[in-house]
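Protein chains in written order, with our numbering: chain A, -17 to 235; chain B, 167 to 310.
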């Protein structure tokens, strides 16, 4: 550690974040470069070329998603600073929830199939809701959630998204599926900046430590809601839950 | 040399993100190789224990899986756990010429560790470099 103590400093976290971020971007790009080279040298030919180009497109889109998180990160950092002139104008609208979730699921279709993970929205046609938020922020919540599941979820399963309301009239969105375990006592830290990097040593070094942090910023700061995660060790089921207060959601007429 | 079956046309590819090295798998299969894939140190050592391979392709940034180091190792072996696989296969009588390591990172610590293990190293993002390294390994007499 930079200051010779056991606790990582902000610089440690920042350096590890950047190193891991490079890893995150280089890996899918390396896949695309290799695929292109295989097409060029004739390893791939015929019908499979289309299939490989399509898979490469998905990998590039995932890179863009990661880069987009950086832009949102800067948004929220600017909000915390006094640099008000850096804030961008925002257009907040009533964004369709179920449609956004389905689009996020479609975004990961190819990668999910490769990982043998199904992503499903339960009862999508029963009731539609709208959330008062910039559409791209709502989308990023689910993009990051599903991205997380493809990294830490177990194979051969269906991850389900359930939308309901609770007694306090909050809109509750739960994403549930099997994943590698995490300690419930420290579950809140999953949403901290760079937490992935701090715990990366004994786990698969895949996440950037930024996705769930962005989710929390959007849910807590923009929607005034709550975000949490629990893991059940016996069933290996993890549940990520978002709760949105009534003033920021409505039924879609 | 440990007594175990040796497969002349075989490769052990070790990477925890197989979807991003599918192109490498396909390239090796197209060249007539049988490819076994491992996603962690633990899995890789199981494969390496059971079979001798013509070529070992090792991503340095992999998880430990169900493996723990039997003895204290330099910090870089914790940071880049693939080094533990290389060290193991080298201790099994495999020439360093038959091992190609790769990762997204390039720094002096990695190069020093690779030099100590006498194997090859390629930075990710250069498909032709890794293919060239593979060709070099395959031109080398495995019995030498």
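Don't be surprised by glycine CBs; every beta carbon is placed ideally from N, CA and C.
What distance in whole Å lies between the Cβ atoms of residue j and residue i, which are believed to be in contact at a cut-off of 8 Å?
{"i": "residue 74 of chain A", "j": "residue 116 of chain A", "result": "6 Å"}
{"i": "residue 144 of chain A", "j": "residue 156 of chain A", "result": "5 Å"}
{"i": "residue 158 of chain A", "j": "residue 93 of chain A", "result": "No, residue 158 of chain A and residue 93 of chain A are not in contact; Cβ-Cβ is about 19 Å, not under 8 Å."}
{"i": "residue 186 of chain B", "j": "residue 9 of chain A", "result": "5 Å"}
{"i": "residue 248 of chain B", "j": "residue 224 of chain B", "result": "5 Å"}
{"i": "residue 255 of chain B", "j": "residue 265 of chain B", "result": "6 Å"}
{"i": "residue 42 of chain A", "j": "residue 7 of chain A", "result": "11 Å between Cβ atoms; not a contact."}
{"i": "residue 101 of chain A", "j": "residue 128 of chain A", "result": "6 Å"}
{"i": "residue 291 of chain B", "j": "residue 20 of chain A", "result": "So it is not a contact: roughly 15 Å between Cβ atoms."}
{"i": "residue 206 of chain A", "j": "residue 230 of chain A", "result": "6 Å"}
{"i": "residue 303 of chain B", "j": "residue 221 of chain B", "result": "5 Å"}
{"i": "residue 190 of chain B", "j": "residue 296 of chain B", "result": "7 Å"}
For residue i, name the three-state secondary structure that DSSP assigns.
{"i": "residue 194 of chain A", "result": "helix"}
{"i": "residue 236 of chain A", "result": "Look at the range of chain A in this structure, -17 to 235, and you will see that residue 236 of chain A is not part of it."}
{"i": "residue 240 of chain B", "result": "coil"}
{"i": "residue 208 of chain A", "result": "strand"}
{"i": "residue 145 of chain A", "result": "strand"}
{"i": "residue 160 of chain A", "result": "strand"}
{"i": "residue 203 of chain A", "result": "helix"}
{"i": "residue 257 of chain B", "result": "helix"}
{"i": "residue 220 of chain B", "result": "strand"}
{"i": "residue 183 of chain A", "result": "The predicted model places residue 183 of chain A with a pLDDT of 39, which falls under 50 and marks its position as unreliable; any figure quoted below should be read in that light. DSSP places residue 183 of chain A in helix when its eight states are reduced to three."}
{"i": "residue 292 of chain B", "result": "coil"}
{"i": "residue 231 of chain A", "result": "strand"}
{"i": "residue 175 of chain B", "result": "strand"}
{"i": "residue 235 of chain B", "result": "coil"}
{"i": "residue 23 of chain A", "result": "coil"}
{"i": "residue 312 of chain B", "result": "No information on residue 312 of chain B is available, as it lies outside the stretch 167 to 310 that chain B covers here."}
{"i": "residue 54 of chain A", "result": "helix"}
{"i": "residue 191 of chain B", "result": "helix"}
{"i": "residue 32 of chain A", "result": "helix"}
{"i": "residue 169 of chain B", "result": "coil"}
{"i": "residue 122 of chain A", "result": "helix"}
Among residues of its own chain, excluding the 5 on either side of residue i, which ones have a beta-carbon nearer than 8 Å to its beta-carbon?
{"i": "residue 253 of chain B", "result": "243 and 283"}
{"i": "residue 164 of chain A", "result": "172, 211, 213 and 220"}
{"i": "residue 277 of chain B", "result": "287"}
{"i": "residue 166 of chain A", "result": "212 and 213"}
{"i": "residue 51 of chain A", "result": "122, 126, 190, 192, 193 and 196"}
{"i": "residue 226 of chain B", "result": "246, 247, 248, 249, 267, 268, 269, 271 and 276"}
Can you pull the DSSP bridge partners for residue i?
{"i": "residue 225 of chain B", "result": "B/268"}
{"i": "residue 286 of chain B", "result": "B/266"}
{"i": "residue 276 of chain A", "result": "Lying before the first or after the last residue shown, residue 276 of chain A is absent from chain A, which here runs from -17 to 235."}
{"i": "residue 211 of chain B", "result": "Residue 211 of chain B is not bridged to any residue."}
{"i": "residue 204 of chain B", "result": "B/180"}
{"i": "residue 102 of chain A", "result": "A/142"}
{"i": "residue 135 of chain A", "result": "A/161"}
{"i": "residue 214 of chain A", "result": "A/219"}
{"i": "residue 225 of chain A", "result": "A/154 and A/208"}
Once you ignore the five residues that flank residue i on each side, which residues in its own chain have a CB closer than 6 Å to its CB?
{"i": "residue 213 of chain B", "result": "178, 202 and 204"}
{"i": "residue 187 of chain A", "result": "In this predicted model, residue 187 of chain A has a pLDDT of only 44, less than 50, meaning its place in the structure is not dependable; the value taken from the coordinates is given anyway. Within the same chain, residue 187 of chain A has no close Cβ partners at all."}
{"i": "residue 172 of chain B", "result": "218"}
{"i": "residue 250 of chain B", "result": "207 and 243"}
{"i": "residue 17 of chain A", "result": "34 and 38"}
{"i": "residue 198 of chain A", "result": "173 and 209"}
{"i": "residue 210 of chain B", "result": "180, 204 and 251"}
{"i": "residue 22 of chain A", "result": "none"}
{"i": "residue 58 of chain A", "result": "199"}
{"i": "residue 238 of chain A", "result": "Residue 238 of chain A cannot be examined here, being either before or after the span of chain A that is shown, -17 to 235."}
What residues in its chain sit with their C-beta under 7 Å from that of residue i, if we drop five residues either side in the sequence?
{"i": "residue 77 of chain A", "result": "112, 113, 115, 117 and 120"}
{"i": "residue 40 of chain A", "result": "92 and 93"}
{"i": "residue 98 of chain A", "result": "137 and 138"}
{"i": "residue 183 of chain A", "result": "Reliability fails at residue 183 of chain A, whose pLDDT of 39 lies under 50, so the model's placement of it is uncertain and the value that follows must be treated cautiously. The answer is none, since no qualifying residue turns up."}
{"i": "residue 31 of chain A", "result": "21"}
{"i": "residue 215 of chain A", "result": "163"}
{"i": "residue 83 of chain A", "result": "103, 124 and 143"}
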